[in-house]
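Trainee: In UniProt numbering, the protein residues as written are 1 to 317. C-beta: ideal position from N, C-alpha, C; glycine also.
1) Report yes if the C-beta distance between residue 298 and residue 241 is below 9 Å; otherwise report no.
2) Return the residue from the list 74, 70 and 168 that minimises the CA-CA distance to residue 86.
3) Could you tell me the alpha carbon to alpha carbon distance between residue 48 and residue 41, rounded to whole angstroms?
4) Here's the rule: buried if 16 or more other CB atoms are within 10 angstroms of the residue's CB, otherwise exposed. What is residue 108?
5) Give the secondary structure of residue 180 by DSSP, where H, G and I count as helix, E and B as strand, and everything else as coil.
6) Please report the straight-line C-alpha distance between residue 213 and residue 132, rounded to a whole angstrom.
7) When the Cα atoms are used, what is the spatial distance from residue 216 to residue 184?
8) Is residue 50 buried or exposed, if buried means 16 or more other CB atoms sit within 10 Å of its CB?
9) Once you ignore the five residues that flank residue 24 on each side, which residues in its own chain have a CB closer than 6 Å to its CB?
10) With burial defined as no fewer than 16 other Cβ atoms inside 10 Å of the residue's Cβ, what is the status of residue 3: buried or exposed?
11) Work out the CA separation of residue 206 and residue 194 for me, nearest whole Å.
12) Rounded to whole angstroms, what is the Cα-Cα separation between residue 32 and residue 235?
13) Just list the alpha helix (DSSP H) runs in the region 44 to 117, keeping only unbroken ones of 4 residues or longer that don't cross its boundaries, in chain order.
14) Spell out the partners DSSP gives residue 127 in its beta bridges.
15) Taking 7 Å as the limit between beta carbons, can you name the residues of its chain near residue 247, skipping five residues before and five after?
16) Output the boundary residues of the alpha helix (DSSP H) element that contains residue 265.
17) Return the bridge partner residues of residue 31 from the DSSP annotation.
18) Report the option in 222, 164 and 274 whose CA atom is closest to the CA atom of residue 200.
In structure tokens:
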């Protein structure tokens, strides 16, 4: 058995729930998005009502998916290969911090890639009832883009969910905003956009999976590695050095500044019981954010090594 890769030595934990039997012929489809957008419900629609295996569905913003869970789904036309969908936790999960969520997603993807399982594509779910692309929604979109990378974007689909909870004309207006603003760059890079279960234009979960699978079956498109997989397994970067790791660190730095401002404001208010509770809560949040930032800090030795390599390449030109 060969020596462990950098990502295994620095990020893998004994209790990580990884796929026990990945195969070279596997076609994997991670399902990403914020907590509560309907990822587990999407998986269950693929499994079917008669399936013994069902993904646990959370209620509103309470997450039921802290670890990545994979499911083999029935797919016609591929008798010799497994199609596997992966229910992933969202950033701003209710049970784990964002750095831990990134670690779990990165380790699962690195492990499957190192064992030569293929990524067929990625499905990103977004709840159409969201009025603005702020906070959690923006963070999840940014992390999705960095985990996939621009080269794999053509193998992704963007799916709006929960159309039954909004007036159609309002949903269409928000859909246009997504297409021409927030998702414009990804769509230009080749990603497709669909509505889930919104007749007559909407598609079912299986039809959306088919949008990924059919080009691969007909060999018009090939399965590709995601950027996070290449960075960790091939380039052997630390998680903090990856594009996703750097993006999360910037997000946490902004969050820390806002938390500190909140703490300063609370100190100027009259000290009632409610204020004391808010001060304690804010202090705990600050400490949690600092811990995540420490875990995403790049050691100075790695920075020095990176500078040395860059300088050597520059001198060789």
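Mentor: Reading off the structure:
1) In terms of Cβ geometry, residue 298 and residue 241 form a close pair [threshold 9 Å].
2) Checking every option, the nearest Cα to that of residue 86 belongs to 70.
3) C-alpha separation (whole angstroms): 11 Å.
4) Buried, because 16 or more other Cβ atoms sit within 10 Å of the Cβ of residue 108.
5) When DSSP states are grouped into helix, strand and coil, residue 180 belongs to the helix group.
6) Looking at the two C-alpha atoms, the distance is approximately 32 Å.
7) In a straight line, the C-alpha of residue 216 is about 24 Å away from that of residue 184.
8) Residue 50 is classed as exposed because its beta carbon has fewer than 16 other beta carbons within 10 Å across all chains shown.
9) Around residue 24, the same chain offers 116 as residues with beta carbons nearer than 6 Å, after the five sequence neighbours per side are excluded.
10) If you draw a 10 Å sphere on the C-beta of residue 3, you find fewer than 16 other C-beta atoms in it, and that means exposed.
11) Distance between the alpha carbons of residue 194 and residue 206 is about 12 Å.
12) Approximately 24 Å between the Cα atoms of the pair.
13) Assignment of alpha helix (DSSP H) within the region 44 to 117, counting only whole runs of 4 or more residues, yields 98 to 114 in chain order.
14) Paired residues: 161.
15) For residue 247, where only same-chain residues beyond five positions count, the Cβ hits under 7 Å are 142, 143 and 146.
16) Note, residue 265: alpha helix (DSSP H), 243 to 267.
17) The partner list for residue 31 (beta bridge, DSSP) reads 87 and 123.
18) Of 222, 164 and 274, the smallest CA-CA separation from residue 200 is found for 164.
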